[in-house]
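Novice: Residues in the sequence shown are numbered consecutively from 7, following this note's numbering. We put the beta carbon where it would ideally sit given N, CA and C, even for glycine.
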Amino acid sequence: MIIFRYLVVENFKSQIVVLFVLLLIFFSQKSIDILNSAIHGNIPLNIVIPLLLFGIPEMLQLMLPLSLFIGLLMRCSKFYTENEITVIYACGFGKSIIFKAVLALSAIISLFAIINIMWMVPWSFKHQQEILTNTKVNQLLFTIVDGQFRTTKDGNFVLYIDTIKDNKFKNVFFVQLNENNKFRPSITIADSGYIEKHSDTKHIIMLINGIRYEGTSVSSDFRITNFVDYQSIIEYKQPVFNNYNVEQKDMLQLWNDNTLRSSSEFHWRLTVVFSIFIMAFIVVPLTEVNLRQGRVLSMLPAMLLYLIFFLLHSILRNSSNKYDIDLKYFIWVLNLCYLVISIIFNIWNTVYIRNKRLKLMRELINVLHFR
7 MIIFRYLVVE NFKSQIVVLF VLLLIFFSQK SIDILNSAIH GNIPLNIVIP
57 LLLFGIPEML QLMLPLSLFI GLLMRCSKFY TENEITVIYA CGFGKSIIFK
107 AVLALSAIIS LFAIINIMWM VPWSFKHQQE ILTNTKVNQL LFTIVDGQFR
157 TTKDGNFVLY IDTIKDNKFK NVFFVQLNEN NKFRPSITIA DSGYIEKHSD
207 TKHIIMLING IRYEGTSVSS DFRITNFVDY QSIIEYKQPV FNNYNVEQKD
257 MLQLWNDNTL RSSSEFHWRL TVVFSIFIMA FIVVPLTEVN LRQGRVLSML
307 PAMLLYLIFF LLHSILRNSS NKYDIDLKYF IWVLNLCYLV ISIIFNIWNT
357 VYIRNKRLKL MRELINVLHF R
């Protein structure tokens, strides 16, 4: 029991370290992309942190099996290089205790993966889409950046603010265009101002100490107005959320939906959980390190198998979504092929298989000798 607990804990600690490093790398990359969008005024700064936090479950979807795979690969190979595995065998334990420890750890990680793909990923993706859709529909209200011209989606309003501090403006340039003949075009310049929320559907831009040019130069009703206070209403548009995106659906909704996209997403999520066990058991026989070759060379076959597995699944998933082809049978054929590979690797060096191989080699040598 002590040896079993030691193996589980050591492998788990190795996985946690790898998971932290992977999350740090991908979190940093996502942070750069989101901050770049915020700097260019595509999204407001106040949604940067929510978008980063809601993106964590999506990262964990692939990070959990990958971190377990790399963690087992590094730690199990270290058992051989530091002769810990020799001590374990000398204590009377066989290779089965390693499989039991790997199975226990894989079961724990798969439990977290199931919770993540069944509830956390759809929930986080739904909230991300709500935030981005709301920002896109009401772009002028949420993406005001000092020193940049901002235009509404319909092109009727253009706003430029030189300085923004504590929700107050300085040196404001505001244009209302006459795209749909709803009002006369105008240009407004003000020394300062601020935006005030009037109701759930309206926001008011308050401008102070400015001048307003209304109409066109060729019209007879061109007006120039000096003002102390000026109000302009911007309507808040209720966003329409798309609830048909497969990433927003939980496993039960995907199962009940008969579309090809839902079927592809359903089997992809099952494959993520399935891969935790398959890759864990492929790792165990491939971590038997030949000290003359070193650890890195011994890890190479396992890494290639992992990359090929997820590369093929990515191709199948993208092809299914792009060309509307039902490839679920190909997905599970690939999974079963890797299951067979893991079984072959694990029984290859057993006593029974070694004896069979030796017997077959002797028979082959005898046949060649008589010829």
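For the candidate residues Leu28, Phe351 and Thr293, whose alpha-carbon lies nearest to that of Ile91?
Specialist: Here residue 91 corresponds to residue number 85 of the sequence shown, with the count starting at 1. That would be Thr293, whose Cα lies nearest to the Cα of Ile91.
Novice: Would you call the region 19-36 and the region 90-109 in contact, with 3 or more CB pairs under 8 Å?
Specialist: Flag = no, the region 19-36 and the region 90-109 do not touch.
Novice: Measuring CB atoms only, is the region 43-54 touching the region 66-76, in the sense that at least three cross pairs come out at less than 8 Å?
Specialist: Too few Cβ pairs lie closer than 8 Å, so no.
Novice: Do you know how far the Cα of Ile8 is from the Cα of Leu318?
Specialist: If you number the sequence shown from 1, residue 318 lands on position 312. If you number the sequence shown from 1, residue 8 lands on position 2. Leu318 and Ile8: Cα-Cα distance of roughly 40 Å.
Novice: If you follow the alpha helix (DSSP H) that Glu90 is part of, which residue opens it and which one closes it?
Specialist: By 1-based counting over the sequence shown, the position of residue 90 is 84. Segment Glu90 to Ala96, the alpha helix (DSSP H) holding Glu90.
Novice: Starting from Asn177 and walking both ways along the beta strand (DSSP E), at which residues does that stretch end?
Specialist: Working through the sequence shown from its first residue, we reach residue 177 at position 171. First-last of the beta strand (DSSP E) with Asn177: Lys174 to Gln182.
Novice: Pop quiz: Met257 and Met124 are said to be a contact at Cβ under 8 Å. What is the actual Cβ separation, rounded to whole angstroms?
Specialist: Along the sequence shown, read from residue 1 onward, the residue named residue 257 stands at position 251. Along the sequence shown, read from residue 1 onward, the residue named residue 124 stands at position 118. So it is a contact: roughly 5 Å between Cβ atoms.
Novice: Just the Cα atoms here: how many angstroms apart are Trp261 and Ser270?
Specialist: Residue 261 sits at position 255 when you count from the first residue of the sequence shown. Residue 270 sits at position 264 when you count from the first residue of the sequence shown. Each residue's alpha carbon lies about 10 Å from the other.
Novice: Can you give the Cα-Cα distance for Gln154 and Ile45, rounded to whole angstroms?
Specialist: Here residue 154 refers to the residue found at position 148 of the sequence shown. Here residue 45 refers to the residue found at position 39 of the sequence shown. Each residue's Cα considered, the two are about 10 Å apart.
Novice: Give me the DSSP bridge partner(s) of Leu213.
Specialist: In the sequence shown, the residue the question calls residue 213 occupies position 207. Answer is Gly199 and Tyr236.
Novice: Note down the Cα distance separating Phe10 from Phe118, rounded to an integer number of angstroms.
Specialist: Within the sequence shown, the letter at position 4 stands for residue 10. Within the sequence shown, the letter at position 112 stands for residue 118. About 21 Å.
Novice: Give me the residue from Thr222, Phe280 and Leu70 with the minimum Cα distance to Val339.
Specialist: As a position in the sequence shown, residue 339 is number 333, starting the count at 1. For Val339, the nearest C-alpha among the options comes from Phe280.
Novice: Answer yes if the region 307-322 comes into contact with the region 273-289, meaning at least three C-beta pairs across the two stretches below 8 Å, and no otherwise.
Specialist: A contact exists between the region 273-289 and the region 307-322.
Novice: Just checking my contact of Thr277 with Ile337 at CB under 8 Å: how many whole Å lie between their CB atoms?
Specialist: Indexing the sequence shown from 1 puts residue 277 at position 271. Indexing the sequence shown from 1 puts residue 337 at position 331. Confirmed, about 6 Å.
Novice: Short of 8 Å in beta carbon distance, which residues of its chain neighbour Met309, apart from the five on each side in sequence? Order them along the chain.
Specialist: Position 303 of the sequence shown, counting from 1, holds the residue named residue 309. Correct list, in chain order: Leu79.
Novice: Run through DSSP, which three-state label would Glu294 get?
Specialist: Locating residue 294 in the sequence shown gives position 288, counting from the first residue. DSSP places Glu294 in coil when its eight states are reduced to three.
Novice: What span of residues does the alpha helix (DSSP H) with Lys255 cover, start to end?
Specialist: Position 249 of the sequence shown, counted from the first residue, corresponds to residue 255. Note, Lys255: premise wrong, no alpha helix (DSSP H); not H, not E.
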